[in-house]
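The structure under discussion appears below in the form of structure tokens.
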Amino acid sequence: ISLSTFNHFYRISAPTSSPHTTMNSMIRIATGRRGLVRNVGVITRQCESSHPIQATPAPRLLLKHPPIGTSARANSSAPTPPPPTTNTGAASMSLKNAKTTAGTGDPEGLGGNAGFSTKGPVTWPALGLVAIAAASAVAYYKIERERRLENAMGKIVSSESGWSPNPELLARRQYVRTKWGWFPKEDAFGGAGKPAIGGPWSLVDLDGNLVTNKSFEGKWTLLYFGFARCPDICPSEMVKVGKVMDTLKKEHPELHKNIQPIFVSIDPARDSLKALRDYATDFHPDYVFLTGAPQQVQAMAKKYRVYMSKADETDDGDYLVDHSIVIYFHDETGDIADCFTQSMRPSDVVEKVVERMTFVPTY
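Heads up, the sequence shown is in our numbering, so the first residue is 236 and it goes up one at a time.
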């Protein structure tokens, strides 16, 4: 490349850019075209010394179209206007503040309220007041409920008839109020309660007189269900009761005089008054023998949960009766006090009778 050629390019392009930028670019263009890459630095220094350049800013013309006659290469060499300056740091900071200040009423992070309230409709003091009011309402409801239940229970369980959770299975019991609350009157059955056994009934004695459960009030009774033609079990149990009466008369005479043994026939069809009179002569003289119409006997047996059924009926009409083997012990009010089974000996029955009759509640 010749120096004159380089000076020509340099003079044309110098006013539009900085001296060093234009110089280097022109040298590289020229040398690139000619394939010359040597002595670039020497030529550059010679141009600077022989043609000093004072860069002056050229006016910028915003043209929609390039001037006519201008080549594409000249247009491509024209300086590109600088891109518009944007405050990237401020934008990112604003975005960061918008994210971290969400819900505060200051989305731009300006530090002021900007027309927004920084407090929502629900506050911690308001939640605390609601919690206190709810707890107070629940506590008042529980106290009022317990008070009403206690008043109602006091009227029901302390009445003469008493109360039972299931009258068909458990007898009604009277309750008393203790320092621990309402509790059933203490008896020999304990906290489980006595079974719902017994009730009103009416039969006739050997003299044909009407007898009811009220006829024995003030007396403790030993009640047994059987029939006069029983071959072995009924006589054995009735003898047991006789021995109990004799033992009580000997050892506890004050208790003996308040006890009444009773025999109820469950075979009224064959146990007539005459048959029972003959049967009574074989047993203890304190016994009271009762019978009645079949409907009366069945009604009483049902109240005492006595099982009875005909068995081993023969051709001539003779039969046996299967039935429960239990001795029912009642207190002076007619309520069930205890039950004695076939397996208990006379001494066991005496012990239980004395225990029930001398029982003293602790409250």
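Even for Gly, the Cβ is constructed at its ideal location relative to N, Cα and C.
Three-way DSSP call (helix, strand, coil) for Leu438 in this model: As a working note, residue 438 is residue 203 in the sequence shown. Here Leu438 sits in strand by DSSP.
Anticipated Cβ contact below 8 Å, Phe518 with Met473, distance rounded: As a first step, residue 518 is located in the sequence shown; it is residue number 283 there, counting from the start. As a first step, residue 473 is located in the sequence shown; it is residue number 238 there, counting from the start. Yes, Phe518 and Met473 are in contact; Cβ-Cβ is about 5 Å, under 8 Å.
Give the secondary structure of Lys545 by DSSP, where H, G and I count as helix, E and B as strand, and everything else as coil. By one-based count along the sequence shown, residue 545 stands at place 310. Strand, per DSSP.
Hey, how far is the Cα of Leu490 from the Cα of Ile378? For the purposes of this step, residue 490 is identified with residue 255 of the sequence shown, where counting begins at 1. For the purposes of this step, residue 378 is identified with residue 143 of the sequence shown, where counting begins at 1. So the two alpha carbons sit approximately 48 Å from each other.
Residue nearest to Ile565 in terms of C-alpha spacing, selected from Tyr554, Lys449, Cys469: The count along the sequence shown starts at 1 and reaches residue 565 at position 330. Checking the sequence shown, residue 565 turns out to be His, not Ile. Checking every option, the nearest Cα to that of His565 belongs to Lys449.
If distances are taken between C-alpha atoms only, which option among Gly443, Lys485, Gln495, Val499 comes closest to Cys469? By one-based count along the sequence shown, residue 469 stands at place 234. Checking every option, the nearest Cα to that of Cys469 belongs to Val499.
Ignore the nearest five residues each way along the sequence and tell me which others in Ala542's own chain have a CB closer than 8 Å to its CB. Stepping through the sequence shown from its first residue, residue 542 is reached at position 307. The displayed chain sequence assigns Tyr, not Ala, to residue 542. Closer than 8 Å at Cβ, skipping near neighbours: Asp557, His558, Ser559.
To the nearest angstrom, how far is the alpha carbon of Ala515 from that of Tyr522? The sequence position of residue 515 within the sequence shown is 280, counting from 1. The sequence position of residue 522 within the sequence shown is 287, counting from 1. Cα-Cα distance, rounded: 8 Å.
By a C-beta neighbour count over all protein chains shown, 10 Å radius and 16 as the cutoff for buried, is Ala333 buried or exposed? Translated into positions along the sequence shown, residue 333 becomes position 98. For Ala333, the pLDDT reaches just 49, beneath the cut-off of 50, and the residue's location in the model is therefore unreliable, leaving the point undetermined.
To which residues of the same chain is Ile501 closer than 8 Å at the C-beta, ignoring the five residues directly before and after it? Walking along the sequence shown from the start, residue 501 turns up at place 266. Hits under 8 Å: Phe460, Gly461, Phe462, Val532, Ala536, Val541, Met543, Val556, His558.
Endpoints, beta strand (DSSP E) assigned at Pro496: For the purposes of this step, residue 496 is taken as residue 261 along the sequence shown, with counting starting at 1. Here the beta strand (DSSP E) through Pro496 covers 494–500.
Span separating the alpha-carbon of Ala431 from that of Leu364: If you number the sequence shown from 1, residue 431 lands on position 196. If you number the sequence shown from 1, residue 364 lands on position 129. Each residue's Cα considered, the two are about 53 Å apart.
Between the CA atoms of Val595 and Ile562 - distance to the nearest angstrom: As a first step, residue 562 must be located in the sequence shown, where it is residue number 327. As a first step, residue 595 must be located in the sequence shown, where it is residue number 360. Computed Cα separation, rounded: 23 Å.
Less than 7 Å between C-beta atoms, sequence neighbours within five positions excluded: which residues of the same chain meet that for Leu511? Counted from its first residue, the sequence shown places residue 511 at position 276. Result list for Leu511: Leu441, Ala463, Ser500, Phe524, Thr526, in chain order.
Using alpha carbons as the reference points, say which of Phe451, Gln530, Ala504 lies closest to Asp495. Here residue 495 is taken as the residue at index 260 of the sequence shown, counted from 1. It should be pointed out that residue 495 corresponds to Gln in this sequence rather than to Asp. Ranking the options by Cα distance to Gln495, first place goes to Phe451.
Nearest residue (CA-CA) to Met579, options Ser471, Lys545, Ala374: Within the sequence shown, numbered from 1, the residue matching residue 579 stands at position 344. Nearest C-alpha to Met579: Ser471.
Taking only the alpha-carbon atoms, compute the straight-line gap between Tyr539 and Lys454 and give it to the nearest angstrom. On the sequence shown, position 304 is the one that residue 539 refers to. On the sequence shown, position 219 is the one that residue 454 refers to. Computed Cα separation, rounded: 19 Å.
Alpha carbon to alpha carbon, how far is Ala368 from Pro356? Counted from its first residue, the sequence shown places residue 368 at position 133. Counted from its first residue, the sequence shown places residue 356 at position 121. Roughly 19 Å separates the two Cα atoms.
Leaving out the 5 sequence neighbours to the left and right, which residues in its chain are closer than 6 Å to Thr447 when beta-carbon positions are compared? Within the sequence shown, the letter at position 212 stands for residue 447. So the qualifying residues of the chain are Ser437.
Tyr376 - DSSP class collapsed to helix/strand/coil: Position 141 of the sequence shown, counted from the start, is the residue given in the question as residue 376. Helix, per DSSP.
What does a CB cutoff of less than 8 Å around Arg505 pick up in its chain, not counting 5 residues either side in sequence? Along the sequence shown, one-based indexing puts residue 505 at 270. If we look at Arg505 and ignore the five residues flanking it on each side, its Cβ neighbours are Phe462, Ala463, Arg464.
Quick one: Cα of Pro529 to Cα of Val373, how far? Reading the sequence shown from its first residue, position 294 is the one you call residue 529. Reading the sequence shown from its first residue, position 138 is the one you call residue 373. Distance between the alpha carbons of Pro529 and Val373 is about 59 Å.
Under a Cβ-count criterion, where at least 16 other Cβ atoms within 10 Å of its own Cβ denotes burial, should Leu445 be classed as buried or exposed? Taking the sequence shown and counting its residues from 1, the one referred to as residue 445 is at position 210. Leu445 is exposed by the Cβ-count criterion.
Under the three-state DSSP convention, the category Asn310 falls into: Along the sequence shown, one-based indexing puts residue 310 at 75. Low confidence applies to Asn310: its pLDDT is 48, below 50, so where it sits in the model is not reliable, and the reading given next is rough at best. In this structure, Asn310 counts as helix in the three-state DSSP scheme.
Nearest-angstrom Cβ-Cβ length linking Thr482 and Pro581, presumed shorter than 8 Å: Here residue 482 corresponds to residue number 247 of the sequence shown, with the count starting at 1. Here residue 581 corresponds to residue number 346 of the sequence shown, with the count starting at 1. Going by Cβ atoms, the distance from Thr482 to Pro581 rounds to 7 Å, so yes, they are a contact pair.
Own chain partners of Leu458 with C-beta closer than 6 Å, once the 5 adjacent residues on each side are dropped: The sequence position of residue 458 within the sequence shown is 223, counting from 1. Excluding positions up to five away in sequence, the list reads Ile497, Tyr563.
What does the Cβ neighbour count give for Val584, buried or exposed, with the cut at 16 atoms within 10 Å? Taking the sequence shown and counting its residues from 1, one reaches residue 584 at position 349. With 16 or more Cβ atoms within 10 Å of its Cβ, Val584 is classed as buried.
With DSSP as the reference, label Ala572 as helix, strand or coil. In the sequence shown, the residue the question calls residue 572 occupies position 337. It is a strand residue.
Going straight from the alpha carbon of Thr593 to that of Ile571, what length do you get? Taking the first residue of the sequence shown as 1, we reach residue 593 at position 358. Taking the first residue of the sequence shown as 1, we reach residue 571 at position 336. In a straight line, the C-alpha of Thr593 is about 15 Å away from that of Ile571.
On the criterion of 16 or more Cβ atoms from any shown chain inside 10 Å, does Gly434 qualify as buried, or is it exposed? Within the sequence shown, numbered from 1, the residue matching residue 434 stands at position 199. Per the 10 Å Cβ criterion, exposed.
Does the Cβ of Lys485 have 16 or more other Cβ atoms within 10 Å, making it buried, or fewer, making it exposed? Mapped onto the sequence shown, residue 485 falls at position 250. When all chains shown are included, Lys485 counts as exposed.
How many whole angstroms separate the CB atoms of Val479 and Val589, which I take to be in contact at a CB cut-off of 8 Å? Position 244 of the sequence shown, counted from the first residue, corresponds to residue 479. Position 354 of the sequence shown, counted from the first residue, corresponds to residue 589. So it is not a contact: roughly 10 Å between Cβ atoms.
Here's a check: name, in chain order, each residue in its chain whose Cβ is nearer than 8 Å to the Cβ of Leu298, leaving out the five neighbours to either side. Counting from one through the sequence shown, the residue named residue 298 turns up at place 63. Reliability fails at Leu298, whose pLDDT of 47 lies under 50, so the model's placement of it is uncertain and no value is given.
Per DSSP, the bridge partner or partners of Asp196: Residue numbering for the chain in the displayed model covers 236 to 598; residue 196 lies beyond these limits and cannot be assessed.
List the endpoints of the continuous alpha helix (DSSP H) containing Gly477. Indexing the sequence shown from 1 puts residue 477 at position 242. That run of the alpha helix (DSSP H) goes 468–486.
In the DSSP assignment, find the unbroken alpha helix (DSSP H) run with Tyr514 in it and report its ends. Counting from one through the sequence shown, the residue named residue 514 turns up at place 279. Run containing Tyr514: 508–515, per the alpha helix (DSSP H) assignment.
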